[in-house]
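Peer 1:
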Amino acid sequence: MKRIILSLALALVSGACSDATAPQSGIWSATTGVGFSFELTVSSGGNEITEIEYFWSGLSCGGVIHLGGTTAIERTPGWPISDRTFAILPTDLPHINGTFNETGTEASGSWAWSGCGEGTWTAAP
Numbered sequence: 006m007k008r009i010i011l012s013l014a015l016a017l018v019s020g021a022c023s024d025a026t027a028p029q030s031g032i033w034s035a036t037t038g039v040g041f042s043f044e045l046t047v048s049s050g051g052n053e054i055t056e057i058e059y060f061w062s063g064l065s066c067g068g069v070i071h072l073g074g075t076t077a078i079e080r081t082p083g084w085p086i087s088d089r090t091f092a093i094l095p096t097d098l099p100h101i102n103g104t105f106n107e108t109g110t111e112a113s114g115s116w117a118w119s120g121c122g123e124g125t126w127t128a129a130p
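Under our numbering, the first residue of the sequence shown carries the number 6, and numbering increases by one thereafter.
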């Protein structure tokens, strides 16, 4: 009987410390403060990112300036969101690492692109 009560107590404590709210689904617009921005598409369940679209506007990379344009990558299944964090690591585009806040309404993180630099970003749906 003591084991059952202890198990129930632990279950209640675990429930009180449950995961934060899943990220809002839809398109999230991110700003970097340098020559590109990007949009993330969060799935309806808030458990994966199904697309990233980069927008170029004067990013300088090793002597090459990306004046303007877009590049989109879709993925099925998407990049997983686990414990509110994710990583998008394409081979020839900026790597994006991020975390959604506990209410699922804001995100922030870092970006890095070999030869182009690194920095931070913030996003909202």
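Glycine included, every Cβ here is placed at the ideal spot set by N, Cα and C. Since the structure is predicted, the reported quantities are computational estimates derived from the model, not experimental observations.
#1: Can you grab the Cα-Cα spacing for the pair A77 / E56, in whole Å?
#2: Just to confirm the assignment: which complete beta strand (DSSP E) runs, minimum length 3, are found wholly within the segment 65 to 92?
#3: Where does V47 sit, in a helix, a strand or coil, going by DSSP?
#4: Assuming A117 contacts P95 under a Cβ cut-off of 8 Å, what Cβ separation, rounded to an integer in Å, is found between them?
#5: How about E53 and I93: are their beta carbons less than 8 Å apart?
#6: Whose CA, out of I70, T46, F60, lies closest to the CA of R80?
Peer 2: Reading from the atomic positions:
#1: If you take the alpha carbons of A77 and E56, they lie about 7 Å apart.
#2: 69 to 71, 74 to 85
#3: Correct three-state label for V47: strand.
#4: At roughly 12 Å, the Cβ-Cβ gap does not stay under 8 Å, so A117 and P95 are not in contact.
#5: no
#6: T46
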